[in-house]
Amino acid sequence: LTVFMLLRREDIRNRVIALLGQRQLSTTTNLLEDTSTRLSRYLLGLLSVNFGFAVVFTVALLMLGVRYAVVWGTITFFFRFVPLLGSAVSMLLPLTVSIATQPGWFAPIGVVVCYLALEGITGNLI
Numbered sequence: 001l002t003v004f005m006l007l008r009r010e011d012i013r014n015r016v017i018a019l020l021g022q023r024q025l026s027t028t029t030n031l032l033e034d035t036s037t038r039l040s041r042y043l044l045g046l047l048s049v050n051f052g053f054a055v056v057f058t059v060a061l062l063m064l065g066v067r068y069a070v071v072w073g074t075i076t077f078f079f080r081f082v083p084l085l086g087s088a089v090s091m092l093l094p095l096t097v098s099i100a101t102q103p104g105w106f107a108p109i110g111v112v113v114c115y116l117a118l119e120g121i122t123g124n125l126i
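Reminder that position 54 of the sequence shown reads as 54 in this note's numbering, one-by-one numbering, no gaps.
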């Protein structure tokens, strides 16, 4: 939706102005400017939080000895933009690899604990 809105922003602006009328052109322009500023700030914050989460998760995976930790961190970064399912899928992939490749249960349990702790910190504090 965001990509569509960015690609068609002039058309959307013209439709909003037509909807609200030409008499309120300055008010409509201010409204659109404020909306774009807030949306840009939100997306930058979301990008920053997801990047920080992915970096910390990658470091944790490296410390646990999970193979391809950088790949899983990158996938985590991109999947966290997908609501609801993205976070779960981004944990299940490195968890599956750690179960398949690591001896014992230390690494898989570490992946789950690390991910849940980071998710809790991100969701409740950040």
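For each residue, glycine too, the CB sits at the ideal point set by N, CA and C.
- Mark Pro-94 as exposed unless 16 or more other C-beta atoms lie within 10 angstroms of its C-beta, in which case mark it buried. buried
- Item | Counted within 10 angstroms of its Cβ, other Cβ atoms place Gly-123 as buried (16 or more) or exposed | exposed
- Query: When you compare each of Ala-60, Gln-22, Leu-1 and Leu-64 to Trp-105 by their alpha carbons, which one comes out closest?
  - Reply: Leu-64
- What's the C-alpha gap between Cys-148 and Leu-20? Since the first residue of the chain shown is 1 and the last is 126, residue 148 is not available in this structure.
- Taking Trp-105 as part of the alpha helix (DSSP H), name the residues at either end of that continuous run. Where Trp-105 is concerned, there is no enclosing alpha helix (DSSP H), given that its DSSP letter is neither H nor E.
- Query: Is the beta carbon of Ile-99 within less than 7 Å of some heavy atom of the ligand ZN?
  - Reply: In terms of ligand content, the structure shown is empty, and the ligand ZN therefore cannot be addressed.
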